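Numbering-wise, my numbering comes out as the position in the sequence shown, counting from 1, plus 202.
Cβ coordinates follow ideal geometry from the N, Cα and C atoms, glycine included.
Here the structure is a predicted model, which is why all the values come from computation and not from measurement.
First comes the structure, then the notes that go with it.
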Amino acid sequence: MFALELLAPAKDKTVGIAAIDCGADAVYIGGPGFGNRYAAGNSIEDIRELCGYAHRFGVRIYLTVNTLVYDDEWDEVHSLMLQAQDAGVDAFIFREERMLTFDDIRIPMHASTQCDIRTVERARHFDALGCSRIILERGISLDDVRKICAAVSCEVEFFVHGALCVCYSGDCRLSAYLDGRSADRGECIQACRSLYDLQDASGRTLVHNKALLSMRDFKLLDRLEDLAAAGVCSFKIEGRLKNASYVKNVVREYSLALDTLVKKYPERYCRASFGKVSGGFTPDSDKTFNRGYTQWWMDGKRDRWSSMDAPKSMGEYIGEVAAVRPSGGGLQVSVKPAGRGLLLANGDGFAFSDASGVHGFRGDRCEGLTIFCKRTDGLRPGLRLYRNVNAAFEKEIEARSPHRELSVDVDVKISGDFLIELAAETEDGRKVVSSFNADVERAENRERAEAMLREQLGKRSGAYNFRVRSLSVDTKGGAMPLLSASTINSMRRCLASDIPACERLESLRKPVRISPASAFGAGVMQEPLMLTRYCIRYELGLCPKHQGAKPTGDLFLVNNGRRLALKFDCTRCEMSVCAEK
């Protein structure tokens with residue numbers, strides 16, 4: 203049986219718990235330092251609490267230690283890893299190979315996407331070092347994924363949703379070059395979302411003020427079966443800076459999709475964690491933050507991947523602006539809907555784009571298909587209108603959270619002296635026995651007393667997230683004790699609290715085949731600043747190879763007077779961004 207894992211991001215323990223409740227099989231999160239999202243750090247105590255909650259369901263917690271580490275920081279990072287291991291984390295996501303040499307780190311090590319694993323040779327390198335899992339670069343094809351999975355013995359993880367780095371992961375120095383803040387240290391300024399002019403060698407501007415390096419977001423919701431068949435076991439959602447609403451929505455959508463896949467192939471697949479998720483909102487990733495979606499290089503074909511007109515979230519397309527009229531110091535905007543059933547709500551956020559960029563406004567009041575808002579420059583009839591904040595949907599996510607519960611079978615044995623033994627076994631085989639001495643009277647109505655016991659023990663235990671799937675009561679033919687509802691409830695809570703957490707898979711830590719002397723430390727800035735499969739010439743219809751365009755000569759990106767040179771390798775179909783010489 204091949205276990206499928208949905209791996210969710212968490213900027214903090216609250217988001218992590220929300221992801222687990224929505225169906226995540228694992229959560230990755232940053233600790234106090236050395237995670238590749240500088241603004242998403244968490245205390246060891248918070249990590250410990252998250253692990254305690256996760257392990258009830260066999261959900262695993264992975265800690266990110268995937269920045270470059272400077273020579274004088276190794277004692278600090280080692281100490282952090284030991285503390286996190288003691289707190290209960292199940293694996294580390296690392297970048298620096300030297301971390302594999304720590305003998306006292308017993309839990310599995312996962313090679314980060316920052317390791318730039320996009321070839322069979324690179325994958326075999328980390329497999330041979332003793333990594334329990336490798337996380338692949340996003341910009342590779344399904345065929346590449348299939349070949350890598352077949353070539354290694356370790357687990358393979360692949361991103362399926364979220365923002366895309368335009369460059370190959372771990373191979374970008376643009377932020378450090380422009381602003382001194384290194385992406386390799388978790389301080390990326392997202393220069394790929396900035397606005398640039400495109401100029402030729404003569405200084406002539408070909409494109410003005412566009413986010414020429416900005417890509418759409420990744421979405422492989424309908425490719426999970428393909429990836430599982432290729433050998434991917436973990437399906438990763440990007441977003442360690444995203445809020446709880448975003449994470450809950452996307453996790454729930456992908457969890458339901460994996461459930462459907464498991465149901466389709468019950469003899470082949472299962473979920474990697476336990477507990478049934480029920481109730482809650484109906485997820486829809488089109489209604490949450492996105493820059494438009496792409497499947498990137500999954501099919502090994504070049505396509506238009508740019509979001510240069512909308513580097514921020516545009517949201518879902520809802521229709522065209524039909525009319526704009528003055529109204530009480532503001533505007534009254536009529537919408538021609540793109541389809542039936544469009545419902546607008548007070549507080550919805552809207553976006554549109556024109557030659558000067560992307561603009562947004564809030565619907566202070568919405569009546570039918572009419573929006574009342576403050577004055578907004580550029581808003582006019584004929585514009586395509588998007589909704590990037592769906593107020594009603596956000597309220598639904600907040601008000602209708604799913605519930606996750608572990609199924610438990612309970613056997614009750616009552617001896618003649620009213621010694622009550624409760625034996626419970628969870629759906630994944632964890633067992634616990636709790637005993638109670640009941641100093642109470644004999645029940646005159648045996649049937650009623652047993653019915654009370656069954657009813658109260660069978661109730662859901664919200665604090666411990668378990669529900670009784672089956673319940674047997676054996677009195678060995680003797681009398682039934684007269685137990686109050688409060689007493690039985692206390693017994694149920696004690697039983698639930700005694701259920702052990704899932705054990706960490708420390709045995710998965712593979713033998714390390716690297717010596718401290720061969721482990722490398724922090725890298726140095728190299729050219730190019732960025733290497734990518736994305737091509738500005740292709741996006742603009744200027745590609746001589748695929749589009750038959752005339753040669754453009756040298757091209758440059760210009761931002762605030764600074765020029766970056768673009769280089770094109772048409773043989774490999776790659777573009778690089780370089781510091782101008």
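Ordered along the chain, which non-local residues of its own chain (more than five positions away) have a Cβ less than 7 Å from that of residue i?
i: S314; result: N268, I295, F296, R297, I337
i: I342; result: R320, W499
i: D381; result: I391
i: A724; result: Because A724 carries a pLDDT of 42, less than 50, the predicted location of this residue cannot be relied on, and the following value inherits that uncertainty. Counting only Cβ-Cβ distances below 7 Å, and skipping sequence neighbours, we find L270, V271, Y272.
i: R506; result: E741
i: E339; result: T315, D318, I319, R320, Y370, S371
i: G660; result: V670, L673
i: Q285; result: I246
i: C524; result: In the sequence under discussion, the amino acid at residue 524 is Ala, which differs from the Cys named in the question. These residues qualify, in order along the chain: S536, V537, K538, P583.
i: A784; result: Residue 784 is absent from the model: the chain starts at 203 and stops at 783.
Tell me which same chain residues have a C-beta within less than 6 Å of the C-beta of residue i, skipping the five on either side of it?
i: M727; result: Residue placement at M727 is flagged as unreliable, the pLDDT there being 44, under the threshold of 50; the coordinate-derived value follows with that caveat. Correct list, in chain order: R375.
i: R564; result: G551
i: V229; result: A210, A212, G218, A221, I263
i: D511; result: S555
i: T734; result: V368, C369, M777
i: T677; result: I616
i: E782; result: R765, A767
i: V322; result: K349, I350, A353
i: K438; result: L209, E359, F361
i: D771; result: none
i: F638; result: I622, M693
i: Y255; result: I219
Is residue j closer than 8 Å to residue i when the C-beta atoms are compared?
i: L684; j: A651; result: yes
i: S475; j: D227; result: yes
i: D419; j: A365; result: yes
i: A547; j: A593; result: yes
i: I738; j: L400; result: yes
i: L697; j: V634; result: yes
i: M417; j: Y736; result: yes
i: R171; j: F483; result: Here the chain comprises residues numbered 203 to 783, so residue 171 is not present and cannot be evaluated.
i: L581; j: L533; result: yes
i: P746; j: C780; result: no
i: E522; j: G584; result: yes
i: R454; j: G225; result: yes
i: G477; j: R632; result: no
i: M682; j: A640; result: no
i: S672; j: D611; result: yes
i: L344; j: A432; result: yes
i: D756; j: A385; result: no
i: V452; j: S487; result: yes
i: C704; j: H257; result: yes
i: V460; j: L206; result: One point to set straight first is that residue 460 is Leu, not Val, in the sequence displayed. Cβ distance < 8 Å, so L460 and L206 count as in contact.
i: I701; j: T773; result: no
i: P513; j: R395; result: yes
i: H363; j: Y467; result: no
Since I believe residue j is in contact with residue i (beta carbons under 8 Å), could you give me their beta-carbon distance rounded to a whole number of angstroms?
i: G233; j: L282; result: 6 Å
i: S609; j: R669; result: 6 Å
i: T496; j: Y448; result: Contact flag wrong, Cβ pair sits at about 18 Å.
i: R656; j: V675; result: 7 Å
i: L463; j: E427; result: 6 Å
i: D223; j: P604; result: 6 Å
i: R239; j: R442; result: 5 Å
Which residues in the same chain as residue i place their Cβ atom closer than 8 Å to its Cβ, once the five residues preceding and following it in sequence are excluded?
i: R383; result: S377, E389, C390, I391
i: F204; result: A430, C435, R470, Y471, C472
i: S334; result: A293, P310, M311, H312, C356, E357, L710, R711, K712
i: D214; result: I231, A242, N244, D248
i: H561; result: A553, F554, S555, T578, D579, G580, L581
i: A751; result: R739, G743, L744, C745
i: D373; result: D318, M732, L733
Give the DSSP bridge partners of residue i, in chain order.
i: E776; result: D771
i: D556; result: G559
i: V526; result: V535
i: C568; result: I573
i: R644; result: P683
i: V760; result: D399, R765
i: Y230; result: P211, Y264
i: R669; result: S609
* Asked: Which runs of the alpha helix (DSSP H) fall wholly inside the region 572-634 and span at least 4 residues, in chain order?
  -> Listed in chain order, the complete alpha helix (DSSP H) runs (minimum 4 residues) inside the region 572-634 are 593-601.
* Enumerate, from N- to C-terminal direction, the unbroken alpha helix (DSSP H) stretches of 4 or more residues contained entirely within the region 364-432. => Runs of the alpha helix (DSSP H) inside the region 364-432: 376-381, 426-432.
* Runs of alpha helix (DSSP H) lying entirely within the region 297-355, each at least 4 residues, in chain order -> Note on the region 297-355: whole alpha helix (DSSP H) runs with a minimum of 4 residues are 322-331, 344-353, in chain order.
* beta strand (DSSP E) runs contained entirely in the region 474-527, provided each spans 3 or more residues -> Every beta strand (DSSP E) of 3 residues or more that sits fully in the region 474-527 is shown, in chain order, as 478-480.
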